[in-house]
Amino acid sequence: MAGTDPIHQFVISDIFTVFRMGGDGTEGSGLNFAFTNSALFMVATVVAVSAYMLLSSSQRSLVPNRLQMTSEMLYEFIANMLRSSAGSEGMRFFPFVFSLFIFILVGNLLGLVPYFFTFTSHIIVTFALAMLVILVVTIYGLMRHGLGFFKLFAPSGVPGYVLPIVIPIEIVSFLSRPISLSVRLFGNILAGHITLKVFTGFVVTMGAAGWLGWLGALLPLTMGVALTALEFLVAAVQAYVFAVLTSMYLNDAVHPSH
Amino acid sequence: MVNPQDNQGRTESAGGVTRDLASRIASAQRARDIAAKGAAAEGGRDNTGLARGLRLGSEFAAAILVGTGIGYLADLGLGTSPWGLLIMLMVGFAAGVMNVIRAVNEMNKEAQASPATGAGPEQRDDPPAETR
């Protein structure tokens, strides 16, 4: 059953060990910092994105060719989104938001290639990305507005006697952002990949039952094709959602009173 | 866009030139605004109901989890079990409801703002909601 095990695709395996820390030299003791298959695909994503961006912007023609056009459209898309949610002041975060968007998008799309690993299907990866966003928001907000940033937790126009109730609620709401941001991306990608694997796994197991099984296997096969199309949509939508929410949170850092 | 050469003969006075320039800047800004809104609507179009529902669900669940977690840790530290857990569960619930209300408000605002543009590059039959 190893071939149709829906969880097997998420196994992290070491490719080579970078260095070890602590432990007494025996196998499995101490901390092992390895270059894993997850790291390999992150590097592959960064290399692919960088190569595409460098290649498409190398001409720098005033009238863009097709390749340059695609990267200009990507730029416009993210720039408009950031400008509409965080204002023109938020545009200083454009490199950050664009990198996040393209990294998640290409990572999701690469993961749809058969036998490829999807690093966004691990919550620690998406949580690290979400914490990066929240830390940027908090540190920039504190740098920019000082203690005025904490006005974020006390909305204007709220009478003083309800503040003791509102402030804890606002703080919990703020702290829940990295959780919801990371769980959403991870959950969508994980669930999609498992569903895809379960349905296509049915084709193999039903096929073992003879010609009637192969006939019945047409149903899960159709489902698998449809789900693949849906997964492409989910991959793009989730990268977009992550970028939109990032720019909305950055808006809080730029203008803390809401 | 009007070519500068075209209206050199018509607007002789300096005031006319500035007024002409101002109107050209205004029309360029309008065109840019429309383009920006069109791009935003394009992003909203592939915004499925599934994605929207998952966003609201995760916003709600995350706040409750965070609230309960804080309460549990406070109990561990202060030995006030079970009061911290109970109170922070309620606070987390309130924060979750607030998250959902905020998210829905944003969706409604964008759904209302988009059809009002009118002058967009094309008419849409469904009001696009932006995020999720």
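Listed in order, the protein sequences are those of chains A and B. Count along the first sequence from 1, add 63, and you get the number used in the working numbering. Count along the second sequence from 1, add 768, and you get the number used in the working numbering. Every residue gets a Cβ at the ideal spot worked out from N, C-alpha and C, and that includes glycine. These numbers come from a predicted model, not from an experiment.
Count the other C-beta atoms from every protein chain shown that fall within 10 angstroms of the C-beta of residue i, then say buried if there are 16 or more, exposed otherwise.
i, result
"I832/B", "buried"
"I228/A", "exposed"
"Q880/B", "exposed"
"A809/B", "Any reading at A809/B is ruled out, since the residue's pLDDT is 49, under 50, leaving its predicted position unreliable."
"N873/B", "exposed"
"K877/B", "exposed"
"G784/B", "exposed"
"M311/A", "buried"
"H71/A", "exposed"
"L275/A", "exposed"
"V81/A", "exposed"
"P158/A", "exposed"
"P222/A", "exposed"
"G255/A", "buried"
"P241/A", "buried"
"R823/B", "buried"
"L145/A", "buried"
"G812/B", "Caution applies to G812/B, whose pLDDT of 47 falls short of 50 and renders its modelled position unreliable; the model cannot decide the point."
"T133/A", "exposed"
"V169/A", "buried"
"S826/B", "buried"
"E294/A", "buried"
"I869/B", "exposed"
"M206/A", "exposed"
"T836/B", "buried"
"N143/A", "buried"
"G845/B", "exposed"
"V304/A", "buried"
"N867/B", "buried"
"L125/A", "exposed"
"M269/A", "buried"
Anything in chain A within Cβ reach of residue i, meaning under 8 Å, just list it in chain order.
i, result
"A799/B", "Here the premise fails: no neighbours, minimum Cβ distance about 13 Å."
"L853/B", "Under the 8 Å cutoff, chain A gives no residues; its nearest Cβ is about 13 Å from L853/B."
Kindly identify the DSSP beta-bridge partner or partners of residue i.
i, result
"M84/A", "L94/A"
"D77/A", "T99/A"
May I ask which residues mark the beginning and end of the alpha helix (DSSP H) holding residue i?
i, result
"F212/A", "No alpha helix (DSSP H) holds F212/A; DSSP gives it neither H nor E."
"L301/A", "The sequence as given places Gln at residue 301/A; Leu does not occur at that position. Residues L281 to V317."
"G821/B", "G817 to L846"
"P177/A", "No alpha helix (DSSP H) contains P177/A, which DSSP labels as neither H nor E."
"T67/A", "Neither: T67/A is in no alpha helix (DSSP H) and is coded neither H nor E."
"N143/A", "R129 to A149"
"G153/A", "Neither: G153/A is in no alpha helix (DSSP H) and is coded neither H nor E."
"R240/A", "L226 to G270"
List the residues of chain B that residue i touches, going by C-beta distances under 8 Å, in chain order.
i, result
"P127/A", "Within 8 Å Cβ-Cβ: nothing; P127/A doesn't reach chain B, min ~16 Å."
"I232/A", "V859, A862, A863 and M866"
"V246/A", "S826, A829 and A830"
Show which residues of chain B have a CB atom less than 7 Å away from the CB atom of residue i.
i, result
"S243/A", "S826, E827 and A830"
"N251/A", "L822"
"S236/A", "A831, A863, M866 and N867"
"S239/A", "A830, A831, V834, A863 and N867"
Applying a beta-carbon distance threshold of less than 7 Å, which residues of chain A neighbour residue i?
i, result
"I793/B", "Within 7 Å Cβ-Cβ: nothing; I793/B doesn't reach chain A, min ~16 Å."
"A819/B", "V300 and V304"
With a cut-off of 8 Å, does the C-beta of residue i fall near any C-beta of chain C?
i, result
"G845/B", "Among the protein chains of the structure shown, namely A and B, there is no chain C."
Please confirm if the stretch 848-861 of chain B is in contact with the stretch 221-239 of chain A, defined as three or more CB-CB distances below 8 Å between the two stretches.
-> Yes: at least three Cβ pairs fall under 8 Å.
Can at least three beta-carbon pairs, one atom from the stretch 290-303 of chain A and one from the stretch 171-178 of chain A, be found at a separation below 8 Å?
-> Output reads yes: the stretch 171-178 of chain A touches the stretch 290-303 of chain A.
Any chance the stretch 157-174 of chain A sits against the stretch 190-206 of chain A, with 3 or more Cβ pairs inside 8 Å?
-> Yes, they touch.
Evaluate the contact criterion for the stretch 209-217 of chain A versus the stretch 277-294 of chain A: three or more CB pairs, one atom per stretch, below 8 Å.
-> Judged by pairs of C-beta atoms under 8 Å, the stretch 209-217 of chain A does not touch the stretch 277-294 of chain A, as fewer than three such pairs exist.
For the stretch 240-249 of chain A against the stretch 179-195 of chain A, are there 3 or more C-beta pairs whose distance is under 8 Å?
-> The stretch 240-249 of chain A, when compared against the stretch 179-195 of chain A, does touch it at the 8 Å Cβ threshold.
State whether the stretch 258-267 of chain A contacts the stretch 283-295 of chain A, with contact taken as three or more CB pairs (one from each stretch) at a distance under 8 Å.
-> Touching, yes.
Spell out a yes or no on whether the stretch 72-79 of chain A and the stretch 96-110 of chain A are touching, meaning 3 or more CB-CB pairs, one atom from each, closer than 8 Å.
-> Contact holds: three or more Cβ-Cβ distances are below 8 Å.
Is the stretch 303-318 of chain A close to the stretch 200-208 of chain A, with three or more CB pairs under 8 Å?
-> Between the stretch 303-318 of chain A and the stretch 200-208 of chain A, the count of C-beta pairs closer than 8 Å reaches three or more; the two stretches touch.
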